[in-house]
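Heads up, the sequence shown is in numbering that gives the first Met the number 0, so the first residue is 0 and it goes up one at a time. Here the structure comes first, spelled out in structure tokens, and everything after it is commentary.
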Amino acid sequence: MFDQSFTLFGLFLSAFISSTIAPGGSEVVLAYMVSESPEQTWLLVSIATVGNTLGALTTWGLGIIAAIKYPAEKMLSKEKGKSIKRVKKWGIWALLFSWLPVVGDGLCFAGGWLRMPIIISTFIIFVGKAIRYTMVAYATSALA
Numbered sequence: 000m001f002d003q004s005f006t007l008f009g010l011f012l013s014a015f016i017s018s019t020i021a022p023g024g025s026e027v028v029l030a031y032m033v034s035e036s037p038e039q040t041w042l043l044v045s046i047a048t049v050g051n052t053l054g055a056l057t058t059w060g061l062g063i064i065a066a067i068k069y070p071a072e073k074m075l076s077k078e079k080g081k082s083i084k085r086v087k088k089w090g091i092w093a094l095l096f097s098w099l100p101v102v103g104d105g106l107c108f109a110g111g112w113l114r115m116p117i118i119i120s121t122f123i124i125f126v127g128k129a130i131r132y133t134m135v136a137y138a139t140s141a142l143a
């Protein structure tokens, strides 16, 4: 059996990677860990949420860099252009859906590209991801 700190870091890393450009399966990792250690559910949800939020902020930073290099929307990919339009339309609240697969990465990128307020955006991203991971943990414990 692995050391607990190693497995918690693995969950953090899985959640971080899942929230960047690379695909990942942090929900599966969380569900497995909750099923193995239900007494640590809130610790596991917290670690996954923080890792996923930091990954989203990495994508946010890429949006800022892209805005400097490509200031015109038409120079971005079609997907990122759509995300920018969504965030312009819905404002900062669109970031609440940053947990969605595929679309969420684009929303975080758009938030950075549009230079939305970082502290409020981080809080909204964190809340959305916390709700998602809480639901995964709840579903896992309900099925066990």
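Glycine included, every Cβ here is placed at the ideal spot set by N, Cα and C.
Report the CB separation of residue i from residue j in whole angstroms; it is logged as a contact under 8 Å.
i: I83; j: A109; result: 4 Å
i: G144; j: G23; result: Because the chain in this structure spans residues 0 to 143, residue 144 falls outside the shown range and cannot be described.
Which same chain residues end up closer than 6 Å to residue i when comparing Cβ atoms and leaving out the 5 residues on each side of it in sequence?
i: L56; result: none
Excluding five sequence neighbours on each side, which residues of the same chain lie with their C-beta closer than 8 Å to the C-beta of residue i?
i: M32; result: T6, L10, Q39, L43
i: V86; result: A93, L94, L106, A109, G110, L113, M115
i: S36; result: L43
i: L12; result: G50
i: F96; result: V102, G103, L106, G127
Using 9 Å as the threshold, is the C-beta distance between residue i and residue j below it?
i: A47; j: V28; result: yes
i: T52; j: D104; result: no
i: A30; j: V102; result: no
i: S25; j: S34; result: no
i: G54; j: I16; result: yes
Once the 5 residues before and after residue i are set aside, which same chain residues still bring their CB inside 7 Å of it?
i: W98; result: G127, K128, R131
i: Q3; result: none
i: F125; result: T48, T52
i: G60; result: G111
i: I119; result: I91
Q. Taking the runs of the beta strand (DSSP E) that are 3 residues or longer, which of them lie wholly in the segment 0 to 68?
A. none
Q) Can you give, in chain order, each stretch of the alpha helix (DSSP H) that sits fully within the segment 73 to 142 and has at least 4 residues? A) 77 to 89, 102 to 112, 117 to 142
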